[in-house]
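Novice: I'd like to ask you about the structure that follows.
Residue numbers (my numbering): 1 to 794.
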């Protein structure tokens, strides 16, 4: 049979497979972000998207293995790439069509099982056509590569390594370039264009193939499965389970030391894919020297040992401290990449050798594609189960450390399944060492949980969740209590901070004449929402909190947050804030948005124009939306962009002080559709009632003059062309750059920003019964001098 055997053609096929891997990961990243807007940016939604994709890939692997029987695999490969690219162009329109309150309310049933299955049904419907086409490309390209080598399974392993390396490249390109510069959905469009080019080139190359007669025999996996094929399919399934579980676990592990931006998560995924590519490449080299069954046995043992050893090294080297290395943004990312690489490359590479090693056991020249497709289908199903198990079973029940132990035990199970009959004594010794390593790691883990804690705080309780550790702590020097996420993110506190947190509710509620219905986006300690229960006119208080364990932790602080969660007027919903607004029919007088860290992955969607529009649509006619900004966590360009974006939705946008502090300033953006009007006498009566209540008094907002001091001014739009949008979530990508460049608005940077921008804002267009809210020009100037003195002592 004549076949395409030139080295040049082989290299070209590898290039096609590499590029295919890159486009697939761009699709996945873009889809995940688009799906988050429909499903909510939650762990539940993320797992549904991932499981839906792997379900489609699994079907695609099976379809591709069947298509290999009909010859011309390159032609089928090209057709599948084109089919996937065409469907990718339709996905954004499908998501837009489904983003309606009716669909979102349909998904938001009381049962979590219904929420999961409804989202999974939509996810599978949207992703299935493209995922099936993309999944089919693996066995088809493997079959094409099998014709250019005397060792088809080895050639397929090399191709798989290039494909996975392409996936790593796609992750980095999408994270660092496409998402912020091209746009979220447009990134997938660009990748679709490349995918169509791949497909056309593959179809062109297929003309040089000689059509292979249909092969109904199908090789090793046809007919009644042998004991060997059953074992290999089991191992392939375990490999997928272990690999995806480890990806979830390592992501959670590094969130303990990183600042959790899109860039740092991108680094973890990229290193993971690089390691998998290395594993496949090593198999291609090693299979000519060692039996595949022997490789599988030692991979299981070494995978368990290296997973435990590198985990112990990570904990003892980092001590779970916050990673701040690097004098610039680029250097910080490179050092972070090196940290991830150093600790996960060995165990993940070893794990990455297991799946392609199963191909070698069942290799068949004329049925290479079908064998690989069948094994890949089982592997994908295992991967979907692994991601779901890690997120919803391992992390909440046995915790992060227990999750690593469980995956190590599964690696030992792989070794047992392929126990070599030869080398009996060495294999027993190896398994014994592996089990001892797991046992020693388990013994050391209790002490690891004490690392990374603030030495000035007393640790009280910890909850293991899919979002990481949720800790309740108490100050050693005062009676302040705190809630922390993943050691280094404080979600608020009581004590001296309680007054400021209550002010975040008090100030916007005082600006509204009669706030009967109030919504809080984010809970933290519950102290902010507690500031609303002192307002007797308020009839309903809705709180939306993303993490159920934060709500449970806030209950522990009931003696510090006025037992707000037990108040009859309070209702708590566990959901993504943006998703809640898209699905609810309720309307509110005041909506208060908490202090969200702007550089955290996907938090930037709470600063987009579309989010502000969703909030505005759920305000009553005279309603107010107050967005509190942690100014000290953003640079001037991010603050300006957020305020500009906000002002394009709310024609009346004013700025207010939440905390006059040059090191950690907090500013609120208050948006309304019409000018704010204040009734002097009614406000004075409300303040008098509040000041008499226990916990209701705030010396900084006790009278109308205090509101004047808190007012900064109205915000005029400075650049309407550069906004933060769902398609271009610039804040999320730019804030980490300001963080690592040392340009956050604190200290000298904030002083300059105050003089150059804030001090020059026009006065707020607020009317009071007694006349102008801020008085004449002299009074305005005096107020700003008072602000500057309180800030800088000048």
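All residues carry an ideal CB built from backbone N, CA and C; glycine is no exception. These figures come from a predicted structure and were not determined experimentally.
Out of 376, 145, 536, point me to the one whose CA is closest to residue 60's CA.
Specialist: The option with the nearest alpha carbon to residue 60 is 376.
Novice: How close, in whole Å, do the beta carbons of residue 550 and residue 470 come, if the pair is a contact with beta carbons under 8 Å?
Specialist: Yes, residue 550 and residue 470 are in contact; Cβ-Cβ is about 6 Å, under 8 Å.
Novice: Rounded to the nearest angstrom, how far is the Cβ of residue 283 from that of residue 353, given a contact under 8 Å?
Specialist: Between residue 353 and residue 283 the Cβ distance is about 5 Å, and since that is below 8 Å, they are a contact.
Novice: Residue 625 lies in the beta strand (DSSP E); which residues open and close that run?
Specialist: Its beta strand (DSSP E) spans residues 619-630.
Novice: Could you give the distance in angstroms between the alpha-carbon of residue 320 and the alpha-carbon of residue 453?
Specialist: Roughly 9 Å between the two C-alpha positions.
Novice: Straight-line CA distance for residue 236 to residue 199?
Specialist: Rounded to whole angstroms, residue 236 to residue 199 spans 28 Å at the Cα level.
Novice: What's the gap between the Cα of residue 793 and the Cα of residue 751?
Specialist: The alpha-carbon atoms of residue 793 and residue 751 are separated by roughly 12 Å.
Novice: So what does DSSP say about residue 512, is it helix, strand or coil?
Specialist: It is coil, neither helix nor strand.
Novice: Mark residue 509 as exposed unless 16 or more other C-beta atoms lie within 10 angstroms of its C-beta, in which case mark it buried.
Specialist: Classification for residue 509: buried.
Novice: My output table needs one value for residue 474: the three-state DSSP class, helix, strand or coil.
Specialist: It is a strand residue.
Novice: Determine, using beta-carbon pairs with one atom in the stretch 280-297 and one in the stretch 140-160, whether at least three such pairs fall under 8 Å.
Specialist: Short answer: they touch.
Novice: Our contact map puts residue 583 next to residue 101 with C-beta atoms below 8 Å; I'd like the distance itself, whole angstroms only.
Specialist: That belief holds up - the Cβ atoms of residue 583 and residue 101 are roughly 6 Å apart, short of 8 Å.
Novice: If we count the other Cβ atoms within 10 Å of its Cβ and call it buried at 16 or more, is residue 112 buried or exposed?
Specialist: With fewer than 16 other Cβ atoms within 10 Å, it is exposed.
Novice: In terms of residues, what are the limits of the beta strand (DSSP E) holding residue 463?
Specialist: Its beta strand (DSSP E) spans residues 457-465.
Novice: Please work out which residues of its chain come closer than 6 Å, Cβ to Cβ, to residue 87, disregarding the five sequence neighbours upstream and downstream, and give them in chain order.
Specialist: Contacts found: 129, 130.
Novice: List the endpoints of the continuous beta strand (DSSP E) containing residue 593.
Specialist: Residue 593 -> beta strand (DSSP E) spans 588-593.
Novice: Among 137, 105, 611, which one has its Cα closest to the Cα of residue 56?
Specialist: Of the listed residues, the one whose Cα sits closest to residue 56 is 137.
Novice: Residues in the same chain with beta-carbon distance under 6 Å from residue 265, minus the five sequence neighbours each way, listed in chain order, please.
Specialist: Hits under 6 Å: 601.
Novice: In the structure shown, what three-state DSSP assignment does residue 571 receive?
Specialist: DSSP places residue 571 in strand when its eight states are reduced to three.
Novice: Going by DSSP in three states, residue 784 sits in which element: helix, strand or coil?
Specialist: Helix, per DSSP.
Novice: Any contact of the stretch 256-265 with the stretch 733-740, i.e. 3+ C-beta pairs under 8 Å?
Specialist: Because the criterion of three Cβ pairs below 8 Å is met, the stretch 256-265 and the stretch 733-740 touch.
Novice: Measure the beta-carbon distance from residue 506 to residue 661 and round it to whole angstroms, keeping in mind my assumption that it falls under 8 Å.
Specialist: Residue 506 to residue 661, Cβ: 18 Å. No contact.
Novice: Please report the distance separating the alpha-carbon of residue 663 from that of residue 123.
Specialist: When rounded, the distance between both Cα atoms is 45 Å.
Novice: Within its chain, find whatever has a CB closer than 6 Å to the CB of residue 25; leave out the 5 residues flanking it on each side and keep chain order.
Specialist: Taken in chain order, the residues that qualify are 167, 170, 171.
Novice: Return yes when the Cβ of residue 40 is within less than 8 Å of the Cβ of residue 726, no when it is not.
Specialist: Contact flag unset, no.
Novice: In terms of residue numbering, what span does the beta strand (DSSP E) encompassing residue 521 cover?
Specialist: Residues 517-521.
Novice: DSSP three-state call for residue 540: helix, strand or coil?
Specialist: Correct three-state label for residue 540: strand.
Novice: Do you know offhand how far residue 360's Cα is from residue 73's?
Specialist: One C-alpha to the other measures close to 20 Å.
Novice: Going along the chain, which residues of its own chain have a beta-carbon closer than 6 Å to the beta-carbon of residue 627, five neighbours each way excluded?
Specialist: Cβ within range, chain order: 593, 669.
Novice: So, with DSSP's three-state summary, where would you put residue 419?
Specialist: If DSSP states are grouped into helix, strand and coil, residue 419 belongs with coil.
Novice: Whole-angstrom Cβ separation of residue 17 and residue 163, contact assumed at under 8 Å?
Specialist: Their Cβ separation, rounded to whole angstroms, is 5 Å, which keeps residue 17 and residue 163 in contact under 8 Å.
Novice: With a CB to CB cut of under 6 Å and the five nearest residues on each side skipped, what residues in its chain are close to residue 49?
Specialist: Counting only Cβ-Cβ distances below 6 Å, and skipping sequence neighbours, we find 32, 35, 123.
Novice: If I'm right that residue 415 touches residue 431 with Cβ under 8 Å, what's the distance once you round it to whole angstroms?
Specialist: Yes, they are in contact, since the Cβ atoms of residue 415 and residue 431 sit about 6 Å apart, within 8 Å.
Novice: Looking only at its chain, what residues have a beta carbon closer than 8 Å to the beta carbon of residue 419, apart from the 5 residues adjacent to it on each side?
Specialist: Within the same chain, residue 419 has close Cβ partners 297, 427.
Novice: Roughly how many whole angstroms lie between the Cα atoms of residue 490 and residue 574?
Specialist: Taking the straight line from one Cα to the other gives about 19 Å.
Novice: What do you get for residue 322, buried or exposed, if any count of 16 or more other CB atoms within 10 angstroms of its CB means buried?
Specialist: Exposed.
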